[in-house]
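First to last, the protein sequences are chains U and B.
Under the numbering used here, the first residue of the first sequence is numbered 530, with each subsequent residue one higher.
Under the numbering used here, the first residue of the second sequence is numbered -14, with each subsequent residue one higher.
First the structure, in the form of structure tokens, and then the observations on it.
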Amino acid sequence: MNRAAQTLLLTGNHAVAWAARLARPKVVPVYPITPQTPVLEKLTEFQAAGEFDAEVLTPESEHSVMSACIPASLAGVRVFTATASQGLLLMHELLHYASGARAPIVMANVNRTVASPWAFWPDQTDSLAQRDTGWIQYYVESPQEALDTVLQAFRVGEGVQLPVLVNLDAFYVSHSLEPVSVPAQDMVDAYLPAYAPAHRLDPQRPESWGNVVTQDMYYRHRQAVEEAMARVPELAAQADRAWAELSGRSHGVVERYRCDGASTVLLTMGSMAGTARDAVDALRDAGQAVGMVKLRLFRPLPVRSLRAALAGTRDVLVLDRNHSPGAGGVLHQELRAALYGMADAPRVHGCLAGVGGVNVSPRHIAGFVQQALQRPPQPESQWVR
Amino acid sequence: MQTLSTRPPVTTPIAAPLPPAAGELMCSGHAACPGCMEPLTLRHILAILGPDTVAVIPPSCMAIISGPQPFSSLRIPVYQPTLEASAAAASGLRRALDAQGRQQTQVIVLAGDGGTYDIGFQCLSSAAERNENILYFCFDNEGYMNTGAQKSSSTPHYARTGSTPAGKTTRKKNLTEIMAAHGVPYAATASIGDLTDLRRKVTKARDLKGLRLITLLIPCLDGWGLPDDGALGAARLAVACGAFPLVEVEDGVRWTINSAAPTRPVADYLALQRRYRQLPPCDAAALQAEVDEAWTRLVQRSAAGPHTTPTGDTR
Chain U
530 MNRAAQTLLL TGNHAVAWAA RLARPKVVPV YPITPQTPVL EKLTEFQAAG
580 EFDAEVLTPE SEHSVMSACI PASLAGVRVF TATASQGLLL MHELLHYASG
630 ARAPIVMANV NRTVASPWAF WPDQTDSLAQ RDTGWIQYYV ESPQEALDTV
680 LQAFRVGEGV QLPVLVNLDA FYVSHSLEPV SVPAQDMVDA YLPAYAPAHR
730 LDPQRPESWG NVVTQDMYYR HRQAVEEAMA RVPELAAQAD RAWAELSGRS
780 HGVVERYRCD GASTVLLTMG SMAGTARDAV DALRDAGQAV GMVKLRLFRP
830 LPVRSLRAAL AGTRDVLVLD RNHSPGAGGV LHQELRAALY GMADAPRVHG
880 CLAGVGGVNV SPRHIAGFVQ QALQRPPQPE SQWVR
Chain B
-14 MQTLSTRPPV TTPIAAPLPP AAGELMCSGH AACPGCMEPL TLRHILAILG
36 PDTVAVIPPS CMAIISGPQP FSSLRIPVYQ PTLEASAAAA SGLRRALDAQ
86 GRQQTQVIVL AGDGGTYDIG FQCLSSAAER NENILYFCFD NEGYMNTGAQ
136 KSSSTPHYAR TGSTPAGKTT RKKNLTEIMA AHGVPYAATA SIGDLTDLRR
186 KVTKARDLKG LRLITLLIPC LDGWGLPDDG ALGAARLAVA CGAFPLVEVE
236 DGVRWTINSA APTRPVADYL ALQRRYRQLP PCDAAALQAE VDEAWTRLVQ
286 RSAAGPHTTP TGDTR
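Structure below.
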């Protein structure tokens, strides 16, 4: 067993595969889809080399992948899978089923445009369209954060018995190489003890799942799911702190970047945060009080942390790399709901920036800021590029 | 609420049901229609498989029979997946048990024909291709009977259902041939009308590894229009007239016919069932011709041996 962390040059996809390997899942059903395929190939490579002791299933569709994940998890083993875009959409029915079954599956999703028309570019509409399915959702900025987040996702998901989606942007994260610190197996084992749920599908102690329930039982079950969700922000923060103690790396639930004294704050998720950092640096250099808040945990929305992070800010610019027809940017919509009723709430400007994968540079973002501040916020998200 | 709920004690203020016989895995007090052969069939299956069994039961008559939460008529764990996902769910469950060193535990599917021939077929084909170690039972009542009798691709030619009020215009899909073409270790038909054959097949399937599928004909009192005491007779007549021949196929290549050559005309079988009411004589004759043709093909298959297989795969 390797005892020390090693630094490897990894893409986001391979960082995810390394995290999955280190988490020691026992069952991995998986189906290939661009741009997720390198996750699948790296895991099967690990398995073929005898370095990954998991049952790998390759069914005929993502629908069957998730159908296999749920009872495997209920049988009492750790389960991992990965998908993207259309694959995630094909799973939609089962995403609800998994959270209802309280199966703490961890799934990486490479955010890719949703057809039609066909496209392969970074866009978060695929996973944001799953926001009501009962899955915890993280969005990551880099391959290193992808690795760390998959490990934290198992800890959080198993802590509340809910499934977790870890989202990484197509290509900007999934295919970008960077030096990634890959932790030692010992460290991960200490962080993630073997999964041993109290209830499982087991003939030695027969229990069942899925039978028809009464209205009252259904109501109470949904309440229980909500109570579990409500525990997630604190648990996610704890999981991040515990990982920081072992690895030295913390990503927070909500990250504030150069927000001190900022009158304008950019709010975004995923790889756009990296671009926004550069934009903030340039604007600060030019004497403008601009900061950035990166939302890492999207579901449940950490409302209290978001309010605290944005308190005292005059204007917030939401950069949405997604599109909900008729509603605009999903994060724009979510933030306004989160801030509603807050005393001295900041003004919220919504920017549909980077939809369909169009390039958004730091210079573009500086332009969005100048443009937005020229007039009061509009109720509709604005198309900007 | 817990992830998996244990069964609470029964508190219904009615006379206590008879306790199940020692070792009986199917309890009385289940929710099947009176006179239905499905619980009786399952009772024999579970008696042969024993308690080290986990069942995957999609939405179907069997899901109703096995009981609403918090009750269960089966003394084994049950996982109810979505309608179209039984073989995929069973595969995931199988692998999770294998990963825990529980290879001896049987993972079974108890699905209807809608969940098998139609919406669940894609994942069944994939599980067959992967030769997952699961034992799949299709309780074939030839339609969506749990939703009030609509046609499935297992509904036979000319049968009237809620979605084919003038009679179905196409033939019943031949599931056994399709599964045999996948080259699975075991594909068979069985019927409560021939209990000895049914019990032998379940025992044989139990002792094999890989994907095994047994299609069981379950005459539906309501959906077929049978009297309450008519199910067993219909099951027997289905075999006797050749409409539902008893067969088994090993490794997709060795075909064996387990029922005698038809001794009764199909018309006798049709006359029992209201779903064939007012069937014109020409259609009855066409059905007879279809049954005769299928029987001839079966005889050829069983006589020919492994050289005329659909796949040529003799494993």
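Each residue gets a CB set at the ideal place from its N, CA and C atoms; glycine is no exception.
Contact residues of the segment 708 to 735 of chain U toward chain B are P726, A727, H728, R729, L730, D731, P732, Q733, R734 and P735 (C-beta to C-beta distance below 9 Å).
Taken atom to atom, the span from the alpha-carbon of U:V809 to that of U:A895 is near 8 Å. Looking only at U:H861, U:V643 and U:Y869, the smallest Cα-Cα distance to U:E909 is reached by U:H861. Within 10 angstroms of the beta-carbon of B:M130 lie 16 or more other beta-carbons, which makes it buried. In this structure, B:E278 lies away from B:R156, with their beta-carbon atoms at least 8 Å apart. Counting only runs of 3 or more residues that sit fully inside the segment 116 to 147 of chain B, the beta strand (DSSP E) segments are 120 to 125, in chain order. With a threshold of 8 Å between beta carbons, U:L551 makes no contact with chain B. For U:W647, the secondary structure class from DSSP, reduced to helix, strand or coil, is coil.
In terms of beta-carbon proximity, U:I665 stays away from the interface with chain B, with every pair separated by 8 Å or more. Each residue's CA atom was taken as its position, placing B:S138 and B:E127 some 8 Å apart.
A direct Cα-Cα distance of roughly 29 Å separates B:D83 from B:G99. For U:C880, the uninterrupted beta strand (DSSP E) run begins and ends at R876 to A882, by DSSP. Closest option to B:H15, judged by alpha-carbon separation, among B:T90, B:I50 and B:L27: B:I50. Where U:P708 is concerned, the enclosing beta strand (DSSP E) starts and stops at E707 to V711. 8 Å or more divides the Cβ of U:V559 from the Cβ of U:V606. For U:P558, the residues of chain B that pass the 7 Å Cβ criterion are G77, in the order they occur in the chain.
Residue-level contact check: U:L824 does not touch chain B, since none of the beta carbons of chain B fall below 8 Å from its beta carbon.
Legend: CB atoms of the segment 738 to 751 of chain U lying less than 7 Å from CB atoms of chain B belong to residues W738, G739, N740, V741, V742, M746, R749 and H750.
By the neighbour-count criterion, in which 16 or more other beta carbons inside 10 Å mark a residue as buried, B:L264 falls on the buried side.
B:G195 and B:V169 have their C-alpha atoms roughly 7 Å apart.
In this structure B:Q65 is in contact with B:I42, their Cβ atoms being roughly 5 Å apart against a cut-off of 8 Å. Between U:T642 and U:G885 the beta-carbon gap is near 6 Å, inside 8 Å, which marks them as a contact. Per DSSP, B:T181 is not a residue of any beta strand (DSSP E); the alpha helix (DSSP H) it occupies stretches across L180 to R191. Non-local beta-carbon contacts of U:S834 in its own chain, meaning distances under 6 Å to residues more than five positions away in sequence, involve V782 and V783 in chain order. In the three-state scheme derived from DSSP, where H, G and I count as helix and E and B as strand, U:G616 is classed as helix. Among the residues of the segment 596 to 621 of chain U, those with a Cβ less than 9 Å away from any Cβ of chain B are S596, A597, C598, I599, P600, A601, S602, L603, A604, G605, V606 and V608, in the order of the chain. Under the 8 Å criterion on CB atoms, B:R28 is classed as non-interfacial with respect to chain U.
For the pair B:L25 and B:V224, the Cα-to-Cα distance works out to about 18 Å. Contact annotation, U:Q653 with U:N888: C-beta distance approximately 16 Å; criterion of less than 8 Å not satisfied. Apart from the 5 residues on each side of it in sequence, U:P906 sits with its Cβ closer than 6 Å to the Cβ of R876, V877 and H878 in its chain, given in chain order.
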